[in-house]
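Residue numbers (my numbering): 70 to 186.
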């Protein structure tokens with residue numbers, strides 16, 4: 070596969086990386102699509118607004134931002150793969166929460182994880 074640098078705001082096409090194909094023989098591997106810097110909307114239809122995804126960010130900067138968020142007592146959630154954001158949001162705050170996420174790993178290879186403060 071040819072690799073190239075993406076410009077600011079340029080999204081990765083779904084066909085570039087398919088975790089279900091890439092991890093077919095790696096049963097414990099997953100990918101996480103991280104949504105951070107936003108807030109959850111109020112009301113009937115939950116959405117994640119003002120998310121930071123429009124600019125390229127290297128891994129070191131991203132990890133530094135996440136550590137800062139964790140130190141501010143921000144909260145992390147994942148969306149159950151069988152339910153939408155409105156009803157499938159689950160906490161990721163302790164080992165028990167991680168165990169719940171791991172129950173989905175055999176069938177799901179891509180998880181949406183959100184931050185909230």
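Every residue, glycine too, gets a C-beta built ideally from N, C-alpha and C.
Given the structure is predicted, the values throughout are model-derived calculations rather than measurements.
Beta-bridge partners assigned by DSSP to residue 148: 158. In the three-state DSSP reduction, residue 184 falls in the strand class (E or B).
A straight-line Cα-Cα distance of about 10 Å links residue 155 and residue 110. Classified as exposed, residue 89 has fewer than 16 neighbouring CB atoms from the shown chains inside 10 Å of its CB. Minimum Cα-Cα distance from residue 94 among the listed residues 184, 148 and 175 corresponds to 175.
With a 10 Å radius around the Cβ and a threshold of 16 neighbouring Cβ atoms, residue 148 comes out buried.
Contact between residue 170 and residue 180 holds, with the beta-carbon distance rounding to 7 Å and staying under 8 Å. Judged by beta-carbon spacing, residue 162 lies within the 8 Å limit of residue 144, meaning their Cβ atoms are closer than that value. For residue 167, the uninterrupted alpha helix (DSSP H) segment begins and ends at 164-171. Residue pairing from DSSP places residue 104 in a beta bridge opposite 183. Apart from the 5 residues on each side of it in sequence, residue 116 sits with its Cβ closer than 6 Å to the Cβ of 110 in its chain, given in chain order.
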